[in-house]
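Novice: Be aware that the sequence shown starts at 36, since it is given in the numbering used here, and climbs by one per residue. C-beta: ideal position from N, C-alpha, C; glycine also.
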Amino acid sequence: ALLAGAADEHFDWFKVAMKVLAFAVMLIGGRYLLRPVFRFIAASGVREVFTAATLLLVLSAALFMDALGLSMALGTFIAGVLLAESEYRHELENAIDPFKGLLLGLFFISVGMSLNLGVLYTHLLWVAASVVILVVIKMLTLYLLARLYGIRSSERMQFASVLSQGGEFAFVLFSTASSQRLFQGDQMALLLVTVTLSMMTTPLLMKGIDKWLSRRLNGPEENDEKPWVEDDKPQVIVVGFGRFGQVIARLLMANKMRITVLERDIGAVNLMRKYGYKVYYGDATQVELLRSAGAEAAESIVITCNEPEDTMKLVALCQQHFPHLHILARARGRVEAHELLQAGVTQFSRETFSSALELGRKTLVSLGMHPHQAQRAQLHFRRLDMRMLRELIPEHSDMVQISRAREARRELEEIFQREMQQERRQLDGWDEFE
Numbered sequence: 036a037l038l039a040g041a042a043d044e045h046f047d048w049f050k051v052a053m054k055v056l057a058f059a060v061m062l063i064g065g066r067y068l069l070r071p072v073f074r075f076i077a078a079s080g081v082r083e084v085f086t087a088a089t090l091l092l093v094l095s096a097a098l099f100m101d102a103l104g105l106s107m108a109l110g111t112f113i114a115g116v117l118l119a120e121s122e123y124r125h126e127l128e129n130a131i132d133p134f135k136g137l138l139l140g141l142f143f144i145s146v147g148m149s150l151n152l153g154v155l156y157t158h159l160l161w162v163a164a165s166v167v168i169l170v171v172i173k174m175l176t177l178y179l180l181a182r183l184y185g186i187r188s189s190e191r192m193q194f195a196s197v198l199s200q201g202g203e204f205a206f207v208l209f210s211t212a213s214s215q216r217l218f219q220g221d222q223m224a225l226l227l228v229t230v231t232l233s234m235m236t237t238p239l240l241m242k243g244i245d246k247w248l249s250r251r252l253n254g255p256e257e258n259d260e261k262p263w264v265e266d267d268k269p270q271v272i273v274v275g276f277g278r279f280g281q282v283i284a285r286l287l288m289a290n291k292m293r294i295t296v297l298e299r300d301i302g303a304v305n306l307m308r309k310y311g312y313k314v315y316y317g318d319a320t321q322v323e324l325l326r327s328a329g330a331e332a333a334e335s336i337v338i339t340c341n342e343p344e345d346t347m348k349l350v351a352l353c354q355q356h357f358p359h360l361h362i363l364a365r366a367r368g369r370v371e372a373h374e375l376l377q378a379g380v381t382q383f384s385r386e387t388f389s390s391a392l393e394l395g396r397k398t399l400v401s402l403g404m405h406p407h408q409a410q411r412a413q414l415h416f417r418r419l420d421m422r423m424l425r426e427l428i429p430e431h432s433d434m435v436q437i438s439r440a441r442e443a444r445r446e447l448e449e450i451f452q453r454e455m456q457q458e459r460r461q462l463d464g465w466d467e468f469e
C-alpha cells in the first residue's frame, strides 16, 4: 500500500511538471511564433483576417489548456497576454472590439448565476469583514506602490481606490481551485460573494474620493451640498485645460476677462496651479458644479473636452439648464462638427483645420505665390469648406458626400482660376500704365 501511495505521489508530481512545461512552451513559443504570423496577416491588408486569427488563437489556447486538464479560462488569459505584447496590439483591439462587450457580458452573467447569495444571510458578518479587509489591504498596498514609483499624492488615492476591488481573474482562479477540490462548497460561495461585493464598493469609493479631492484642491466648502469655486460670477467658463483649452484661457486672461476654468484631470490641475493659474477640479457634466462655477451669471461657456461624448453631453446640459449661455466648442473632426451643428451650436473650431490651412498658405507662398493671393485662397477654401459642412449635415450616405466633395473641389478650382485671371489683368493694367 505504501509503494502504491508512493507511486501515485510520484505520478502526480510528474503530471504537474508536464503541465508546467507545456505552459512555459506555450507562453515562450507563442511569443516568437505569433509575430511572423501576424506580420504575414498584416501584409495581406485584409482586416477580417485579423479577427479570425485572433479568435482562432484564443480558442486554440483554451482547448490546449483544457486538454492538459487546466482551466479553459487560463488558456484565454495566456492568449490575451501574448496578444498584448504584440506590436499589432492596437489593430487587434479594434478587430475584437465588437465581441468584447458581448463576451464580457456573458462572463459576468455566468458569474452571477454561480453566486449563492444565501451565504449573506448565514455569514453576513464574515462576508462584510472579508470585503473590508480585502479592500483596505489592496488600497494600502497600491497606495504604497504609487508612492514608491513617484505618483503624485493627489493621484495616489484615485489609483488605489479604482483598483481596490477583487479582480475578474479571481473568479477564474476560484473555479480552477474548486475543480481541483481545493475548496469546499461553502468556502467557494463565500469567496465569490466577497469578490463580487468588493467590486460594488468601487463606484462608492470613487465618488467619495472625488468629493474629497474636490474639497482639497478647490478649497473649503461653506455648503457641503454644492461644490466650491472661488469666483461665482465669471464672464466665461472654460471647460478643459489641456493643450487646446490652455491657449483659449491664456488669451482671455491676457485681455482681463473674468474666467473660471474647470478640469477633471488632477495632474493638470496641480501642474497649472504651480504656474499660477486658477484651475478648479471637477466634472463639468454635473449641473451643481456648473451652477457653483457661475453658469447662471456667465455670458459664455467654452467647451474643450477631449472626448466628443463629454462635449455633446455638456452641450445638452447647458441648453437645458442654462439656455442663456453662448456655447462655443472644440470639434475634433468633421463628424463632431456635424453633431454640434445638429445640436444648434454654430460657434465651434475644428482643432486641426485652422492650423492645416495656415500651413497650406505658407506652402503656397513658398512655391512662389504672392502672399496676398495665398491669403485669399485660404479664405476661399475656408468659406467653401464651411458651406459644404453645413450642406452635408442631413446626408449620411458616403456616395452623396463623395459626390459633393468632388463638386466642391471643382468649384474651388474655378474660383482660384478666376482669381488668377483677375490678378493677371490687374498686373497687365499696371504695366500699360507705366
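In its own chain, which residues sit with a C-beta less than 7 Å from the C-beta of serine 233, not counting the 5 before and 5 after it?
Specialist: Val166, Leu169, Val170, Gln200, Gly201
Novice: Do three or more CB pairs link the region 95-108 to the region 54-70 at distances below 8 Å?
Specialist: At 8 Å Cβ cutoff, the stretches touch.
Novice: To the nearest angstrom, how far is the alpha carbon of alanine 332 from that of lysine 268?
Specialist: Rounded to the nearest angstrom, the gap between the Cα atoms of alanine 332 and lysine 268 is 6 Å.
Novice: Could you check what DSSP says for histidine 415 in three-state terms: helix, strand or coil?
Specialist: helix
Novice: Could you name each continuous alpha helix (DSSP H) segment of 4 residues or more that falls completely within the region 74-148, going from the start of the chain to the end?
Specialist: 82-102, 107-119
Novice: For tryptophan 465, which of helix, strand or coil comes out of DSSP?
Specialist: Unreliable positioning characterises tryptophan 465 in this predicted model, as indicated by a pLDDT of 42, which lies under 50. The coordinate reading is nonetheless provided below. The answer is helix: DSSP assigns tryptophan 465 an H, G or I state.
Novice: Tell me whether valine 380 sits in a helix, a strand or coil according to DSSP, three-state version.
Specialist: Reduced to three states, the DSSP call for valine 380 is coil.
Novice: Just the C-alpha distance for glycine 104 and leucine 208, rounded to the nearest angstrom, thanks.
Specialist: 14 Å
Novice: For leucine 137, which residues from the same chain have a beta carbon less than 7 Å from its beta carbon, with the 5 sequence-adjacent residues on both sides left out?
Specialist: none
Novice: With H, G and I counted as helix, E and B as strand and the rest as coil, what does DSSP make of tyrosine 316?
Specialist: In the three-state DSSP reduction, tyrosine 316 falls in the strand class (E or B).
Novice: From the DSSP output, read off the bridge partner residues of threonine 295.
Specialist: For threonine 295, which the question treats as bridged, DSSP gives the partners Ile272.
Novice: To the nearest angstrom, how far is it from the Cα of methionine 421 to the Cα of histidine 415?
Specialist: 10 Å
Novice: Does the separation of the CB atoms of alanine 412 and valine 400 fall below 7 Å?
Specialist: No. Outside cutoff.
Novice: Note the first and the last residue of the continuous alpha helix (DSSP H) segment covering alanine 391.
Specialist: Segment 388-401, the alpha helix (DSSP H) holding alanine 391.
Novice: Hey, out of Met347, Thr229, Thr320, whose CA is closest to glycine 379's CA?
Specialist: Minimum Cα distance to glycine 379 is reached at Met347.
Novice: Taking C-alpha atoms, which residue in Lys313, Leu352, Glu344, Cys340 lies nearest to glutamate 323?
Specialist: If we check each option's Cα against that of glutamate 323, Leu352 comes out closest.
Novice: On the DSSP bridge list, what partners appear for leucine 363?
Specialist: Val337, Gln382
Novice: If you draw a straight line from the C-alpha of alanine 78 to the C-alpha of valine 72, how long is it?
Specialist: 10 Å
Novice: Got a sec? Which residues, its chain only, sit under 7 Å from leucine 69 by beta carbon, not counting five neighbours each side?
Specialist: The residues are Leu117, Ser121.
Novice: Whole angstroms are fine: how far does the CA of leucine 155 sit from the CA of tryptophan 161?
Specialist: Taking the straight line joining both Cα atoms gives about 9 Å.
Novice: By DSSP, does phenylalanine 218 sit in helix, in strand, or in coil?
Specialist: Note: phenylalanine 218 maps to coil in three-state DSSP.
Novice: With DSSP collapsed to three states, give me the class of histidine 405.
Specialist: coil
Novice: Give the single residue among Tyr315, Arg396, Ile131, Ser149 whose Cα lies nearest to the Cα of alanine 224.
Specialist: Ser149
Novice: Leaving out five residues on either side along the sequence, give the residues of the same chain with a beta carbon under 8 Å from the beta carbon of leucine 392.
Specialist: For leucine 392, where only same-chain residues beyond five positions count, the Cβ hits under 8 Å are Gln413, Phe416, Arg417.
Novice: So, for alanine 57: in the same chain, excluding its five sequence neighbours on each side, which residues have a beta-carbon less than 7 Å away from its beta-carbon?
Specialist: Leu103
Novice: Leaving out five residues on either side along the sequence, give the residues of the same chain with a beta carbon under 7 Å from the beta carbon of arginine 425.
Specialist: In its chain, beyond the 5 residues on either side, Leu376 have a beta carbon closer than 7 Å to the beta carbon of arginine 425.
Novice: When the Cα atoms are used, what is the spatial distance from valine 81 to methionine 423?
Specialist: Valine 81 and methionine 423 have their C-alpha atoms spaced approximately 33 Å apart.
Novice: Buried or exposed: where does glutamate 257 fall if 16 or more other Cβ atoms within 10 Å of its Cβ makes it buried?
Specialist: For glutamate 257, the pLDDT reaches just 42, beneath the cut-off of 50, and the residue's location in the model is therefore unreliable, leaving the point undetermined.
Novice: Using the Cβ count rule (16 or more neighbours within 10 Å means buried), how would you classify glycine 275?
Specialist: buried
Novice: Hey, quick one: how far does the alpha helix (DSSP H) through proline 343 stretch, first residue to last?
Specialist: 343-356
Novice: Tell me whether the beta-carbon of valine 13 lies closer than 7 Å to the beta-carbon of leucine 287.
Specialist: There is simply no residue 13 to check, as the chain begins at 36 and stops at 469 in what is shown.
Novice: Need the endpoints of the alpha helix (DSSP H) that arginine 278 sits in, please.
Specialist: 278-289
Novice: In whole angstroms, give me the CA-to-CA distance for glutamine 355 and alanine 114.
Specialist: 48 Å
Novice: Given that a residue counts as buried once 16 or more other Cβ atoms are within 10 Å of its Cβ, and exposed if not, what is isoleucine 283?
Specialist: With 16 or more neighbouring CB atoms inside 10 Å of its own CB, isoleucine 283 falls in the buried class.
Novice: Does the beta carbon of methionine 347 fall short of 6 Å from some heavy atom of the ligand MG?
Specialist: This structure simply doesn't include the ligand MG, nor any ligand for that matter.
Novice: Any idea if methionine 107 is buried or exposed, counting beta-carbon neighbours within 10 angstroms, 16 or more meaning buried?
Specialist: When all chains shown are included, methionine 107 counts as buried.
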